[in-house]
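Here the sequence shown stands for residues 1 to 129, where the numbers follow full-length UniProt numbering.
Below: one structure, written as structure tokens.
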Amino acid sequence: MTHRFAIRVYYEDTDMGGIVYHANYLKFIERARSAWVREMGIDQNAMRERDGMIFAVRRVEAEYLGPAKFEDQLEVETRTTAVTGARLVMEQRVVRGEELLFQAVVTVVCLNEAGQPARLPANIRLILH
1 MTHRFAIRVY
11 YEDTDMGGIV
21 YHANYLKFIE
31 RARSAWVREM
41 GIDQNAMRER
51 DGMIFAVRRV
61 EAEYLGPAKF
71 EDQLEVETRT
81 TAVTGARLVM
91 EQRVVRGEEL
101 LFQAVVTVVC
111 LNEAGQPARL
121 PANIRLILH
């Protein structure tokens, strides 16, 4: 299953050349992951308060393939590629229509209150499979 999240490029997202500043793609895919998790019914605030656990990005492998520009309508596609007891791996793509502009493989883990790695909660693993 692929989650889709719309993004409009605002002036503040661009650099002096009028194209999306490279770091903003990471913000775009973060927003898409947050929306995806929320839409699956996972309450990250409750997870932190009740279980003392948070999601954290462990690794990002990113590839910039083409420029997005001011006023472009983009879509972030997110899909799970692996779920284990301790990590979630997702592929995320930013497209403009059919054109692939950016792609990343993102590994997310859970951390406990002490900042130590923890197993993904069982209910979350079930939702993600």
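From the three backbone atoms N, C-alpha and C, an ideal C-beta is built for every residue, glycine too.
With DSSP as the reference, identify every bridge partner of residue i, one or two as the case may be.
{"i": "P67", "result": "None; P67 has no bridge partner."}
{"i": "L100", "result": "V95"}
{"i": "R8", "result": "Q73"}
{"i": "F28", "result": "DSSP, once it has assigned bridges, lists no residue as partnering F28."}
{"i": "E61", "result": "V105"}
{"i": "A82", "result": "V89"}
{"i": "T2", "result": "Paired residue(s): none; T2 is not in a bridge."}
Roughly how many whole angstroms lie between the Cα atoms of residue i and residue j?
{"i": "E91", "j": "E12", "result": "26 angstroms"}
{"i": "F38", "j": "G17", "result": "Rather than Phe, the amino acid found at residue 38 in this sequence is Arg. Their backbone Cα atoms lie some 34 angstroms apart in a straight line."}
{"i": "T2", "j": "F28", "result": "16 angstroms"}
{"i": "A32", "j": "Q116", "result": "25 angstroms"}
{"i": "V45", "j": "T107", "result": "Residue 45 is actually Asn in this sequence, not Val. So the alpha carbons of these two residues sit roughly 20 angstroms apart."}
{"i": "A35", "j": "V76", "result": "11 angstroms"}
{"i": "L88", "j": "Q103", "result": "17 angstroms"}
{"i": "A86", "j": "A6", "result": "29 angstroms"}
{"i": "I19", "j": "A68", "result": "6 angstroms"}
{"i": "E61", "j": "R93", "result": "12 angstroms"}
{"i": "V57", "j": "A82", "result": "15 angstroms"}
Could you tell me how far apart the beta carbons of residue i and residue j are, in whole angstroms, since I believe they sit closer than 8 angstroms?
{"i": "Q73", "j": "R4", "result": "In fact, because the Cβ distance is near 12 angstroms, the residues do not count as touching under 8 angstroms."}
Leaving out the 5 sequence neighbours to the left and right, which residues in its chain are closer than 7 angstroms to residue i when beta-carbon positions are compared?
{"i": "V113", "result": "The sequence given here places Glu at residue 113; Val does not occur at that position. Result list for E113: G52, in chain order."}
Who are the Cβ neighbours of residue i in its own chain at under 8 angstroms, not counting the five residues just before and after it?
{"i": "R48", "result": "I54"}
Which same chain residues end up closer than 6 angstroms to residue i when comparing Cβ atoms and leaving out the 5 residues on each side of it in sequence?
{"i": "R79", "result": "T2, E91"}
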